[in-house]
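The sequence shown maps to residues 1 to 132 in this note's numbering. Positions of the beta carbon are idealized from the N, C-alpha and C atoms, including for glycine. Here the structure is a predicted model, which is why all the values come from computation and not from measurement. See structure below.
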Amino acid sequence: MSVTVFKAWSMGAGILILVYVAWFISLQSSQYSEALVFLLWSSPLVAAFVSAYLAPRKKILLGMSMVLPTTTLAVTLNFVYQWLGNAVDFPGARGGLILFTTTLVYSGILCALGSMGGVVLAKKLQDEVKHT
């Protein structure tokens, strides 16, 4: 099965969207879950891993590109949640900037780790196929 760069990126972005929408819904319905918090915080790593693993080329770049949707989703959903009348940890424009910076840094670190993991596993499996 041949995976295009767009499909690999879409898979990673899809993971992020799924997790962030699930988190938003859980907040709106007051159904807090520790497992969902873990998924939320680890989703950049998983998305980068999947994108890098599936990418036919430029694996690290594709995995690292998951930083952008992660940061965008975090800031946008924070704004929407506040706009709906709910209290948020980082309100207003200044809060959005703080959330943007914080998310950019932590997701950058997680996406780097996930990208490297995806590249290593893809290389390992490729080497196993060559030796078979």
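Residue environment, residue 44, which counts as buried when at least 16 other CB atoms sit within 10 Å = buried
Exposed unless 16 or more other CB atoms sit within 10 angstroms - verdict on residue 83 | exposed
Please determine, among 98, 31, 68, the residue with the shortest C-alpha to C-alpha distance to residue 12.
-> 68
Specify the secondary structure class of residue 21 as computed by DSSP and reduced to three states.
-> Residue 21 falls in the helix class under three-state DSSP.
Could you pull the start and end residues of the alpha helix (DSSP H) that residue 49 belongs to?
-> 34–54
Output the distance between the C-alpha atoms of residue 4 and residue 54, rounded to the nearest integer angstrom.
-> One C-alpha to the other measures close to 8 Å.
Where the alpha helix (DSSP H) containing residue 122 begins and where it ends = 92–130
Evaluate contact between the region 93–101 and the region 26–43, counting only Cβ atoms and requiring at least three cross-stretch pairs below 8 Å.
-> no
State buried or exposed for residue 142, treating a residue as buried only when at least 16 other CB atoms are found within 10 Å of its CB.
-> Look at the range of the chain in this structure, 1 to 132, and you will see that residue 142 is not part of it.
Evaluate residue 29 with the Cβ neighbour count: other Cβ atoms within 10 Å of its Cβ, from every protein chain shown; 16 or more gives buried, anything less gives exposed.
-> exposed
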